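Encoded as structure tokens, the structure appears first; notes follow it.
Residue numbers (the working numbering), protein chains in the order written: chain F, 890 to 1168; chain E, 890 to 1168.
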């Protein structure tokens, strides 16, 4: 009998400082898999709605408690669905306690600091659920592919990232990182669809086609980065991303599990308010 | 025959620099009125859903265009429904292009700057729709009520606010400001409900009861501020707020009208993408 899939089957094995760094084998995960599908798209959408309502409830408690923080990092190749995931997963969640932070190419001022400076400035505060749409991981993907930094510098950055995430985690932030994993064919279809629909040209940048030419290099850079930055306090999950509905459900399930484990509840009643009558 | 109510009937008359400053008469607006209701609560909720879908569409174009900006300022007494309005009006809007900025009491660092410094830092950028949950208006409400600043200083602040909003408007920001207008009785009921429900104590601050004791002073401070800061480029609207559903519909209608007048559309197709085949 086939084993029922579990979310942790898609977790990148934790980095072990004592051993030789090992890239994660992305070929081990089929981008078209739908392990957490309930059957039809309709059923999956219903499930997403259910999770959304639960996320909304948990997030209200997170916000009320103002003690813990949550950080969801989304990474993936162009068209892998970062924007779509945010839209779908957070549809039911109150915008009040949610902060979406898109990271683009650094400004001149940002680039004049260390690469974690602008990231740290956007870290979630107590009671907040932050989503990083791209992140500090861009700095260990683009520069090595474009050969702007050497292996040694890249290793140093990996270490700084682990240390930085350890700081966030130690001080009350629950971190989940999702790599939205699509196939090269799927990307072709999605890029072509954007080209064929003139109202979607604004989403398109000439550099997208350049990056596609370096598909393998980027996959290698991801494999390397994932392998050495998945930790018990900031795990990476590889999300099969060819099916949009399934991708949304899986990210939502992960987030739900994370929030469920945080013992979130409304703060205790204030004794001083007992029996108070407003005049 | 009664005249059909229009949104602009609830707009605070524009400040006229040549005339003696005149406070807005808040008694002229019934907080229990429901001028834009379609009948039942159910019908109003349906209408809100319709507007939400249109707002979502317009906001996508705003985001795609990355040229104009929108700022919605929400002000009102405690329990007037600022949080609830944000939750309801933006339920259908993609969180990607939305930024909610809550302003609390200024930090020590913020207070060490002029009162518009922290506000300016949060102004919407091109393509963004920002909601200020409280704002720079707190600085012409709390200090005069607590007698921390005199009339002359307050007048200076009004002028700085007009100038600041003129800067934002001149550089591409559409501004709407909503005062959520509830009655003193309605506030009593809402505060009492929070006290009676221990899971809502976290929303309650002892200072809320203090501020309530100064209800009339705050109403006067609002009346004065509204009267001299409603301008063609940053108008104030007084939103009857005793009915939550109606309040939501009315704020949504205002926002929809504002976005509809901005000539939002997707940027023109990129000629360079014509006929491109992705490999």
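The beta-carbon is built from N, C-alpha and C at its ideal position, and this holds for glycine as well.
Please read all numbers here as calculations on a predicted model, not as lab measurements.
Euclidean distance between Cα positions of residue i and residue j
i: residue 1145 of chain E; j: residue 916 of chain E; result: 27 Å
i: residue 893 of chain F; j: residue 1037 of chain F; result: 44 Å
i: residue 973 of chain F; j: residue 1158 of chain F; result: 39 Å
i: residue 1088 of chain F; j: residue 1048 of chain F; result: 42 Å
i: residue 999 of chain E; j: residue 1070 of chain F; result: 42 Å
i: residue 1067 of chain F; j: residue 990 of chain F; result: 15 Å
i: residue 1154 of chain F; j: residue 951 of chain F; result: 7 Å
i: residue 906 of chain E; j: residue 1050 of chain E; result: 14 Å
i: residue 928 of chain F; j: residue 1127 of chain F; result: 21 Å
i: residue 930 of chain F; j: residue 1133 of chain F; result: 10 Å
i: residue 1042 of chain F; j: residue 964 of chain F; result: 21 Å
i: residue 1018 of chain F; j: residue 909 of chain E; result: 48 Å
i: residue 1116 of chain E; j: residue 960 of chain F; result: 43 Å
i: residue 1114 of chain F; j: residue 958 of chain F; result: 24 Å
i: residue 1009 of chain F; j: residue 923 of chain E; result: 46 Å
Helix, strand or coil at residue i [DSSP, three-state]
i: residue 1130 of chain F; result: coil
i: residue 1002 of chain F; result: coil
i: residue 1147 of chain F; result: helix
i: residue 1084 of chain E; result: helix
i: residue 922 of chain F; result: coil
i: residue 1023 of chain F; result: coil
i: residue 1068 of chain E; result: strand
i: residue 957 of chain E; result: coil
i: residue 964 of chain F; result: strand
i: residue 1018 of chain E; result: strand
i: residue 1038 of chain F; result: coil
i: residue 1046 of chain F; result: helix
i: residue 996 of chain F; result: coil
i: residue 1010 of chain F; result: coil
Exposure label - residue i; buried when at least 16 CB within 10 Å
i: residue 1025 of chain F; result: buried
i: residue 994 of chain E; result: exposed
i: residue 1118 of chain F; result: buried
i: residue 1166 of chain E; result: exposed
i: residue 1033 of chain F; result: buried
i: residue 1054 of chain F; result: buried
i: residue 968 of chain E; result: buried
i: residue 1082 of chain E; result: exposed
i: residue 1002 of chain F; result: exposed
i: residue 1014 of chain F; result: exposed
i: residue 1104 of chain F; result: exposed
i: residue 920 of chain F; result: buried
i: residue 980 of chain F; result: buried
Cβ of residue i within 8 Å of any chain E Cβ
i: residue 1081 of chain F; result: yes
i: residue 972 of chain F; result: yes
i: residue 1071 of chain F; result: no
i: residue 920 of chain F; result: no
i: residue 1010 of chain F; result: no
i: residue 1167 of chain F; result: yes
i: residue 995 of chain F; result: no
i: residue 958 of chain F; result: no
i: residue 976 of chain F; result: yes
Minimum Cβ-Cβ distance from residue i to chain F less than 8 Å
i: residue 1088 of chain E; result: yes
i: residue 1124 of chain E; result: no
i: residue 985 of chain E; result: yes
i: residue 1084 of chain E; result: yes
i: residue 1032 of chain E; result: no
i: residue 1006 of chain E; result: no
i: residue 1159 of chain E; result: yes
i: residue 1162 of chain E; result: yes
i: residue 1015 of chain E; result: no
Segment limits, alpha helix (DSSP H) that includes residue i
i: residue 1117 of chain E; result: 1104-1118
i: residue 943 of chain F; result: 930-954
i: residue 975 of chain E; result: 971-978
The beta strand (DSSP E) enclosing residue i, as first and last residue numbers
i: residue 990 of chain E; result: 987-991
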